[in-house]
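What follows is a set of notes on a single structure, which appears directly below.
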Amino acid sequence: MAAEKFYEDDADLSVIQSKKVAVIGYGSQGHAHALNLRDSGVEVAVGLREGSSSVAKAQEAGLPVKTVAEATAWADVVVVLAPDQVQATLYSTEIEPHIRPGSALLFSHGFNIHFGYIKPSDDIDVVMVAPKGPGHTVRREFEAGRGVPVLVCVEQDSSGSAWDLVLSYAKAVGGTRAGAIRTTFREETETDLFGEQAVLCGGVSQLIQYGFETLTEAGYQPEMAYFEVCHELKLIVDLIVEGGISKQRWSCSDTAEYGDYISGPRVITPDVKEHMKEVLSDIQDGTFAKRFMDDQAAGAPEFKKLRAAGESHPIEATGREVRSMFAWRADVDKDYTEGSV
Ligand code: NAD
Ligand code: MG
Ligand code: MG
Ligand code: MG
Ligand code: MG
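This is the structure in structure tokens:
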């Protein structure tokens, strides 16, 4: 069944323009939502912890900054864009005591609602507008007069007008310029987690590392291995994004295409799909969510250990060397190592 989609004409901007919107958090998504809303004529304030390094950034952009509690008490719509692992505590301590009956809670990922870490009272609307792209792309596309597609859904429609609000918000952040796809909190949460774990982040990273290890253990130079199993990935992915797997095969040589058919299924064997089903099952029954949240609550010992192990893989040192050959890469690495918005 094809997904239901909404565009500019399906949404009324005046709905969100008549509301006071508090954007909680000013990171990747937070800065993009706040600035796009403001530029769409919406009254916005940013809610941040006292002493947060984001306060100066939001103020520099000309946005009013309040504490999370003040922003929540002030707003008609509270947009929760703090990291997923802090949202539950933030909600119970700073948002729940101040949120007004009749207001709306808006998320960009369904994790905390779907797995029950946040349980809003039944007199508020609970909705989602989730851009299908990083926050920096959401802002850049909006400024260019375009938009990034968004997922939209309503979990709790207390007011009876939650859909009008969702579509209006989607329009204000630029989403309906590209198209808004209707989903549910359950579908968004489970497919998002599965995609990032099995394919996009987990699957691809492991595939690259195994490819790098196989070549370097066979005596090939690490720089060569890096180019062949990592650097060129972007070129392949760009083709897939533009025209699907078929365009990628069309653009590559016949040699590459034949090798794809012969060796792809030898590397990614059917038991990989069985493992994917196990990963999906752990997502669906909450096993993954519990493991993540329990570790975070304990100060993230497992997370920190895994991150350190990943950073010490030999491909990272080779990658830094190779990327320094590209002048345009220097600033990109600096950006993420210094954690700027
Ligand atoms: P982020 O880590 O980039 O930024 C979070 C911001 O929240 C910080 O910059 C800070 O301003 C604030 N913050 C951090 N700790 C806080 C605390 N304890 N209390 C109050 N504020 C705090 O987060 P993000 O990646 O923008 O993710 C926000 C939400 O958007 C998440 O639900 C995420 O799943 C969702 N999302 C993110 C992306 C993306 O591109 N990053 C895409 C789609 C959906
Ligand atoms: Mg995702
Ligand atoms: Mg995600
Ligand atoms: Mg090649
Ligand atoms: Mg070809």
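First residue of the sequence shown? That's 1 in UniProt numbering, and the numbers climb one at a time after it. Glycine included, C-beta positions come from ideal geometry on N, C-alpha and C. As the structure is a computational prediction, the values presented were derived from the model and not from experiment.
Name the one or two DSSP bridge partners that C153 has. Note: C153 sits in a beta bridge opposite M128.
Does the beta-carbon of D10, which I'm using as the reference point, lie nearer than 6 angstroms to any heavy atom of ligand 3? At a cut-off of 6 angstroms, the beta-carbon of D10 does not count as near ligand 3: no heavy atom of the ligand is closer than that.
Compute the Euclidean distance between the alpha carbons of I124 and R139, then round it to the nearest angstrom. Spanning the two alpha carbons is a distance of roughly 28 angstroms.
According to DSSP, simplified to helix, strand and coil, what is F6? Secondary structure of F6 (DSSP, three-state): strand.
Which class does R146 belong to by DSSP, given the choice of helix, strand or coil? Under the three-state reduction of DSSP output, R146 falls in the coil class, being neither helix nor strand.
Identity of the residue in T72, D76 and S108 nearest Y91 by Cα: Of the candidates T72, D76 and S108, the one whose C-alpha sits nearest the C-alpha of Y91 is T72.
Local conformation of G47 per DSSP, three classes: Strand.
To the nearest angstrom, how far is it from the Cα of A300 to the Cα of S253? Linking A300 to S253 through their CA atoms gives a straight-line distance of about 46 angstroms.
So the candidates are A130, S40, G41 and N36; which of them puts its Cα closest to the Cα of V80? The shortest C-alpha separation from V80 is found at A130.
For V78, which residues does DSSP report across the bridge? For V78, which the question treats as bridged, DSSP gives the partners A22 and L105.
With 16 other CB atoms within 10 Å as the buried threshold, where does G175 fall? Around the C-beta of G175, 16 or more other C-beta atoms lie within 10 Å, and the residue is accordingly described as buried.
Just to confirm my understanding: we take Y117, look at its own chain, exclude 5 residues before and 5 after, and list those with CB closer than 6 angstroms. What are they? Counting only residues of its own chain and dropping the five nearest sequence neighbours on each side, Y117 has a CB closer than 6 angstroms to the CB of A88.
Considering only heavy atoms of ligand 1, does any lie closer than 6 angstroms to the CB of G175? Flag unset: Cβ of G175 not near ligand 1.
Delimiting residues of the beta strand (DSSP E) encompassing A300: Note, A300: premise wrong, no beta strand (DSSP E); not H, not E.
What three-state label does DSSP hand I181 in the structure shown? Looking at I181 - three-state DSSP - the assignment turns out to be strand.
Are there 16 or more other CB atoms within 10 angstroms of the CB of E50, so buried, or fewer, so exposed? Exposed, since its Cβ has fewer than 16 Cβ neighbours within 10 Å.
For the alpha helix (DSSP H) containing T214, name the first residue and the last one. Start and end: G202 to E217.
Around the Cβ of L106, are there at least 16 other Cβ atoms within 10 angstroms (buried) or fewer (exposed)? Burial is judged here by how many other beta carbons sit within 10 angstroms of a residue's own beta carbon; L106 has at least 16 and is buried.
Is Y7 near ligand 1, going by C-beta to nearest heavy atom under 6 angstroms? Distances taken from the Cβ of Y7 to the heavy atoms of ligand 1 include none shorter than 6 angstroms.
Applying the criterion that 16 or more other CB atoms from any shown protein chain within 10 Å of the CB defines a buried residue, is W250 buried or exposed? W250 comes out exposed.
Would you grab the beta carbon distance between Q156 and P120 for me? Rounded to a whole angstrom, and I think it's under 8 angstroms. Correct: roughly 7 angstroms between the Cβ atoms.
In this structure, how does DSSP classify V65 when only helix, strand and coil are distinguished? Annotated three-state conformation of V65 is strand, per DSSP.
For G47, count neighbouring Cβ atoms within 10 angstroms of its own Cβ and tell me buried if that reaches 16, exposed if not. G47 comes out buried.
Tell me whether C252 sits in a helix, a strand or coil according to DSSP, three-state version. DSSP, reduced to helix, strand and coil, places C252 outside both helices and strands of the structure shown, so it counts as coil.
Classify F326 as helix, strand or coil using the three-state DSSP reduction. Three-state result, F326: coil.
Is the beta carbon of L167 sitting closer than 7 angstroms to the one on F6? Taking 7 angstroms as the cut-off, the Cβ atoms of L167 and F6 count as close.
Given this structure, state the Cα-to-Cα distance separating M128 from A317, to the nearest angstrom. Their Cα atoms are separated by approximately 40 angstroms.
Within 7 angstroms, strictly: CB atoms of M173 and H33: Note that residue 173 is Val in the sequence shown, not Met. Against a cut-off of 7 angstroms, the Cβ pair of H33 and V173 comes out as a contact.
Using the Cβ count rule (16 or more neighbours within 10 Å means buried), how would you classify V42? Label assigned to V42: buried.
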